[in-house]
Amino acid sequence: MSRQTSLDAEPIPTEAIAASIVRERLGWREPNARRFTTGLAFFVYDVTQGADNVVVRIGRPSQARALVESLALWRRLAPLGVPLPQVIADGTPDPLPYVIMARLPGTDLGHVMSSLAPTRLTAIAHAVADAQRATSRLGPGTGFGFAARSEAAPHRSWGDVVTASIDRSVRRIVANGLFPANVADGVVQRLATHRAALDTMPPLPFLHDTTTKNVIVTAAGDFSGIVDVDDLCFGDPRYTVALTKAALLAFGGGPLDYVQPWLQRLQLGDDDVFAFYVALFLLDFMSEQGMVFNGNPPPPDPVIQQRLVRLLAQALGQAP
């Protein structure tokens, strides 16, 4: 049986299940559950009753180990100063594994950053950088790439991680048929140019998805913390900053200069390799067009597709 067939046969979490979990574990009589639409790995629900508010993250049975490892990672990161929500209940042994957490006040940064003053955005960028600095206190890994534990990082070099990302994007683009296959040629050529530099990068641990999402801020611009830390990446910490810049270019929501205070706070370079990462992520966004992630299908958007083609050409110096 294929992995996808096995997943299709598994029970799927629902809002009713999330509400019943909170009813049973916290004793709430009439919880109201609403699924967040941005989750890519687990099923995540905002559960309220009156003024009370928690978040429930539920996995399918095959995701139990991943949820256990992410929870163990949170317990290693929190004492280092990474601002994560408090864990209220651990239900990872259940048939549908889950974790109940405190709800941080606010929303994803991308929802409010266009209305925030530059000083507020700089403070948020510094807070995210400080969270990355706290994560680095775990120490260098033994391998490279994405994993909850250093010893599980799957690649032998940072160049291998970057190559794998490009290869995945190419496969998706070919499968989805929304862009010509040769749209990736310029990024592949830049990879060859930078491969030697990539292979010298040490396996430094960093939070790889603190972009315009997962960074929680209030409407007034107060930083609350970081959510959805399922694993780390071991390699070049600029990768996340470049992902954030690519997201701002592609989808808007705030000023591009948000990333500069972040880089400066960590004394990271904005060089040709960083620009290459931005192009790589624009290609990745192209590959996501037409994909369905965990039952949250974003419809293909021709306007965004055209913008991504133009932005990638600009990032590669192929268009004005």
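Residues in the sequence shown are numbered from 904 upward in steps of one, following the numbering used here. The C-beta atom is built at its ideal place from N, Cα and C for all residues, glycine as well.
Check: Sheet register partners of F1049 (DSSP bridge); Outcome: C1136
Check: Inter-residue Cα distance where the pair is A1028 and Y1161; Outcome: 7 Å
Check: Close beta carbons around V1073, own chain, < 6 Å, minus the five adjacent residues each side; Outcome: A1087
Check: Beta-ladder partner(s) of L1227, from DSSP; Outcome: Residue 1227 lies beyond the range of the chain shown here (904 to 1223); nothing can be said about it.
Check: 8 Å Cβ shell around S905 - same chain, five flanking residues per side excluded; Outcome: In this prediction, S905 scores a pLDDT of 43, lower than 50, which makes its location untrustworthy; no coordinate-derived value is stated.
Check: Beta carbon of G1009 nearer than 8 Å to that of S1127; Outcome: yes
Check: Per-residue DSSP class, three states only, for D1088; Outcome: helix
Check: C-alpha distance - L929 paired with T1096, whole-angstrom precision; Outcome: 55 Å
Check: Sequence-distant residues of its chain with Cβ nearer than 8 Å to A1159 (five each side left out); Outcome: A quick correction: the sequence has Leu, not Ala, at residue 1159. Same-chain partners within the cutoff: K1148, L1151 and L1152.
Check: Simplified DSSP assignment, three categories, for F939; Outcome: coil
Check: Identity of the residue in V1132, R1071 and A967 nearest P998 by Cα; Outcome: A967
Check: Continuous beta strand (DSSP E) assignments of at least 3 residues falling wholly in the segment 997-1057; Outcome: 1001-1005 and 1048-1050
Check: Cβ pair M1189, I1076 closer than 8 Å; Outcome: yes
Check: Residue interval of the alpha helix (DSSP H) (run including R978); Outcome: A967 to L980
Check: Proximity test, Cβ basis, 8 Å: V947 and chain B; Outcome: The displayed structure is made up of one protein chain only, and chain B is not part of it.
Check: Cβ pair I1129, L987 closer than 8 Å; Outcome: yes
Check: Collapsed DSSP secondary structure at T1115 in the structure displayed; Outcome: coil
Check: Collapsed DSSP secondary structure at F945 in the structure displayed; Outcome: coil
Check: Sequence-distant residues of its chain with Cβ nearer than 6 Å to N956 (five each side left out); Outcome: R1006
Check: T1066 - DSSP class collapsed to helix/strand/coil; Outcome: helix
Check: Identified DSSP bridge partners for N956; Outcome: T951
Check: Helix, strand or coil at I961 according to DSSP, with G and I counted as helix; Outcome: strand
Check: R979 beta carbon less than 8 Å from that of L1041; Outcome: yes
Check: In DSSP terms, what I924 is bridged to; Outcome: For I924, which the question treats as bridged, DSSP gives no partner whatsoever.
Check: Simplified DSSP assignment, three categories, for F1082; Outcome: coil
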